[in-house]
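K.L.:
Here's a structure for you.
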Amino acid sequence: MVILAPKGTKDIFPQQVYKWHYVEKAFAEICDRYGFKEVRTPVIEHTELFQRGVGDTTDIVEKQMYTFMDYGNRSITLRPEGTSPVARAFVEHKQYVEVQPSKYYYDIPCFRYEKPQSGRLREFHQFGIEIFGTTNMMADAEVMALGFDFINEMGIKDVELRINSIGCPSCRNIYREKLREFLNPKYEKLCSTCKARYEKNPMRILDCKSEICQEQVKGAPVMLDYLCEECEAAFISVKNNLDSYEIPFTVDPGIVRGLDYYTKTAFEFVTNSIGAQGTVCGGGRYDYLIEELGGPPIPGVGFGMGIERLLLVMEVNGVIIPEPSETDLFIAFIGEEGRDVALKLSHELRKEGFSILMDTMSRNIKGQLKYADRLNVKRVAIIGEEELSQNEVSIKDMVTGTQTKVSFEMLKDYLK
RNA sequence: GUGGGUAUCGUCAAGUGGUUAAGACCCAGGGUUGUGGCUCCUGUAUACGAGGGUUCGAAUCCCUCUACCCACCCCA
Numbered sequence: 125m126v127i128l129a130p131k132g133t134k135d136i137f138p139q140q141v142y143k144w145h146y147v148e149k150a151f152a153e154i155c156d157r158y159g160f161k162e163v164r165t166p167v168i169e170h171t172e173l174f175q176r177g178v179g180d181t182t183d184i185v186e187k188q189m190y191t192f193m194d195y196g197n198r199s200i201t202l203r204p205e206g207t208s209p210v211a212r213a214f215v216e217h218k219q220y221v222e223v224q225p226s227k228y229y230y231d232i233p234c235f236r237y238e239k240p241q242s243g244r245l246r247e248f249h250q251f252g253i254e255i256f257g258t259t260n261m262m263a264d265a266e267v268m269a270l271g272f273d274f275i276n277e278m279g280i281k282d283v284e285l286r287i288n289s290i291g292c293p294s295c296r297n298i299y300r301e302k303l304r305e306f307l308n309p310k311y312e313k314l315c316s317t318c319k320a321r322y323e324k325n326p327m328r329i330l331d332c333k334s335e336i337c338q339e340q341v342k343g344a345p346v347m348l349d350y351l352c353e354e355c356e357a358a359f360i361s362v363k364n365n366l367d368s369y370e371i372p373f374t375v376d377p378g379i380v381r382g383l384d385y386y387t388k389t390a391f392e393f394v395t396n397s398i399g400a401q402g403t404v405c406g407g408g409r410y411d412y413l414i415e416e417l418g419g420p421p422i423p424g425v426g427f428g429m430g431i432e433r434l435l436l437v438m439e440v441n442g443v444i445i446p447e448p449s450e451t452d453l454f455i456a457f458i459g460e461e462g463r464d465v466a467l468k469l470s471h472e473l474r475k476e477g478f479s480i481l482m483d484t485m486s487r488n489i490k491g492q493l494k495y496a497d498r499l500n501v502k503r504v505a506i507i508g509e510e511e512l513s514q515n516e517v518s519i520k521d522m523v524t525g526t527q528t529k530v531s532f533e534m535l536k537d538y539l540k
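Per the working numbering, the very first residue in the first sequence carries number 125; after that it's consecutive.
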C-alpha cells in the first residue's frame, strides 16, 4: 500500500514551484518598497497564544487547531494564522523599543483542521504584513494599498476591495445588543446555524445565505450606525486615505472577521471566480491584541493573503508566469575520452557560474541531442574525436540548427 | 461535523456480466556506423481505490469502507 500525503495537504513539484518562486519574490519585493521587513517565527507555538489571541470561542480555536502534548507535557499548536505569533514575538523581544511603528512581513505555512475544498486546505500558505505601534488610519490605508498594488501587479483584474468597521469593544457590544433586540422576536424563524450565532456572533446572521434569514434580517440595525465617535472618525479617515491613494473600494457592512482580535477597520479582497472561498486577502486592525498577549497597549493592523488562492485567481485571470529555465549549455559527448573532457569542462564552467547540463543515462549522441531538446536547451556543445583532436567543441544552436566551432579556451567568453 | 459527485497504467480515456482489460499521450530504445524537433517501428507498466457479497463467470450488479473533488459552516 502506497502512503499518501495527509488529507488537505499538497506536494508541490517543479512544474508548479516556479510559480511560487515568482509570487514570493514579487511579494518580498513590494514589501521592501513599502518598508516592511521579513520576520520568521516558529511553526509551533504554545496553544495558549491562540486561545488568547484568536479567541477561545472562535471556530479556529474550538475545532480547527492541530494541538498536541509534546514530550515535556506542554500543549503545542501548529500555527493556524500568522498575526498572533508575530505579535507574540514582538512583545517577547520588546521590539517596541525600536523606532516605531514596526513593520513586518512573512511568508508562512499555516494549519487548520478543516474539510478541504476548492481554495481551502489543511496546510495552506499565506503572505502577511503587520504594522505595530500606530493608531493612525494612514497605517490601515497603507496596508490595504500594499495589498491592492500587489494584487494588481500580479495581473489580477477581478478582485475588489471591500471594507467595513466592526467598531471597538464598547460600541460593538452596544451594537450586538441592539441587534439581538431586533432579532429576538424573529428568533424562532432563523435557521439552526443562525440560532447558534444569535448568542455567539449575531453579526454573522447578517450575511447568512439562507433566504429565510435574509428575510428576517431586513431592516436590521447596521454596525456602521452605532460606531462611537472615535471609531466613526477612524472609519471616515480610512476612507479618505484610500481616496487619496486612489484605491477603489466598496463599503460592505457584511464583513465580519472570525478572529476576536479585530477592531475598527476590517477588509477583504474578494473575487467570485475561484469558487466559494473567494477571499484572497483579509485583514484589519487589532488594537488590543498585543495587550491581550501581555504586552504594552500597542495597536496593530495587517492582513493575511492566501497564496494558494492567489495562484488560483491568477490562473483564472489568464496570468502567464514565466518559466525560468536558463541553461547556458548542454554538453554532449562521444566516446570515453569525450566523456572525460565533457566532465572536466562542465565542472569548470559551473564553477564560473554557468548553468551546464549533461546526460547521465549513457545515451548515444542522438539520444543526448534529443534529451537536450526535451529540456529546452538552446545551445549544445558536442565533444567527439574530431573536436578533441582540434582542442575545440562544436556548438549547435538548437533554435536555428546551425553549428560552429569554439576552442576550449574561448568557451567561457563565447558563453558570455 | 453535514450534504452531493467521482474513482480503470504516470496522464487522458474505451469498456454497461464472458475481451489475453482497447487506444492515445508520456517515458525508454531503435530506423545501419557522430547530431534534436516531424514521421515510422519496438519496448516498459504492481490500471480496474480497498474489502466483502450475488453469479458458472464481475471493471461492469449489491453492501461496507477509503481517497479525491465540490458545497454548507468558517476562513486565507
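Idealized CB from N, CA, C, for every residue including glycine.
All values reported here derive from a predicted model rather than from experimental measurement.
(1) Which residue comes first and which comes last in the beta strand (DSSP E) that contains Gly257?
(2) Are there 16 or more other CB atoms within 10 angstroms of the CB of Asn288, so buried, or fewer, so exposed?
(3) Three Cβ pairs or more, each shorter than 8 Å: is that satisfied between the region 173-190 and the region 221-230?
(4) For the alpha helix (DSSP H) that Glu416 lies in, which residues bound it at each end?
(5) Please classify Tyr229: does DSSP put it in a helix, a strand, or coil?
(6) Assuming Ala265 and Asn365 make a contact with CB atoms under 8 Å, what is their CB distance in whole Å?
(7) With a threshold of 16 other CB atoms inside 10 Å of the CB of Gly279, please say whether the residue is buried or exposed.
(8) What separation, rounded to the nearest whole angstrom, lies between the Cα atoms of Glu312 and Gln340?
(9) Does the ligand FAD have even one heavy atom less than 8 Å from the beta-carbon of Gln250?
(10) For Arg244, does the three-state DSSP call read helix, strand or coil?
(11) His145 lies in the alpha helix (DSSP H); which residues open and close that run?
(12) What did DSSP end up calling Cys352 once you bin it into helix, strand or coil?
(13) Can you have a look at Pro166 and say buried or exposed, based on whether 16 or more other CB atoms are within 10 angstroms of its CB?
(14) Where does Asn297 sit, in a helix, a strand or coil, going by DSSP?
(15) Sorted by chain position, which residues of the same chain lie with C-beta nearer than 7 Å to Gly407's C-beta, five sequence neighbours on each side aside?
(16) Rounding to the nearest angstrom, what Cα-Cα distance links Leu413 and Cys355 in this structure?
(17) How is the beta strand (DSSP E) around Arg487 delimited, first residue to last?
(18) Would you mind sorting Val126 into buried or exposed? The rule is 16 or more other CB atoms within 10 Å of its CB.
(19) Quick one, are the C-beta atoms of Phe272 and Tyr369 less than 9 Å apart?
(20) Does DSSP classify Thr528 as helix, strand or coil?
(21) Look at the alpha carbon of Arg381 and the alpha carbon of Pro204, and state the distance between them as a whole number of angstroms.
(22) Within this structure, are the beta carbons of Glu609 and Phe214 separated by less than 9 Å?
(23) With DSSP as the reference, label Ser334 as helix, strand or coil.
(24) Quick one: what's got a C-beta closer than 7 Å to Leu351's C-beta in the same chain, skipping five residues either side?
(25) Less than 8 Å between C-beta atoms, sequence neighbours within five positions excluded: which residues of the same chain meet that for Leu348?
(26) Please classify Leu173: does DSSP put it in a helix, a strand, or coil?
(27) Classify Val425 as helix, strand or coil using the three-state DSSP reduction.
(28) Is the CB-CB distance between Ala466 and Met485 below 9 Å?
(29) Please report the distance separating the alpha-carbon of Val362 from that of Glu476.
(30) Three or more C-beta pairs under 8 Å: does that hold for the region 293-309 against the region 324-334?
(31) Can you grab the Cα-Cα spacing for the pair Thr207 / Tyr190, in whole Å?
(32) Is Asp521 helix, strand or coil when you go by DSSP?
(33) Quick one: is Arg474 buried, meaning 16 or more other Cβ sit within 10 Å of its Cβ, or exposed?
(34) How big is the Cα-Cα spacing for Pro240 and Ala129?
(35) State the DSSP-derived secondary structure class of His471, mapped to helix, strand or coil.
(36) Could you give the distance in angstroms between the alpha-carbon of Leu270 and the alpha-carbon of Val394?
P.N.:
To lay it out plainly:
(1) From DSSP, Gly257 is part of no beta strand (DSSP E); its letter is neither H nor E.
(2) buried
(3) no
(4) Leu413 to Glu416
(5) strand
(6) 3 Å
(7) exposed
(8) 10 Å
(9) Ligands are entirely absent from the displayed structure, and the ligand FAD is therefore not among its contents.
(10) strand
(11) Pro138 to Tyr158
(12) coil
(13) exposed
(14) helix
(15) Val267, Phe391, Gly426, Phe427 and Gly428
(16) 17 Å
(17) Run containing Arg487: none; DSSP gives neither H nor E here.
(18) exposed
(19) yes
(20) strand
(21) 15 Å
(22) This structure cannot speak to residue 609, because the chain is shown only from 125 to 540.
(23) coil
(24) Ser289, Gly291, Cys295 and Phe359
(25) Asn288, Ser289, Phe359, Val375 and Pro377
(26) helix
(27) strand
(28) no
(29) 53 Å
(30) yes
(31) 17 Å
(32) strand
(33) exposed
(34) 13 Å
(35) helix
(36) 15 Å
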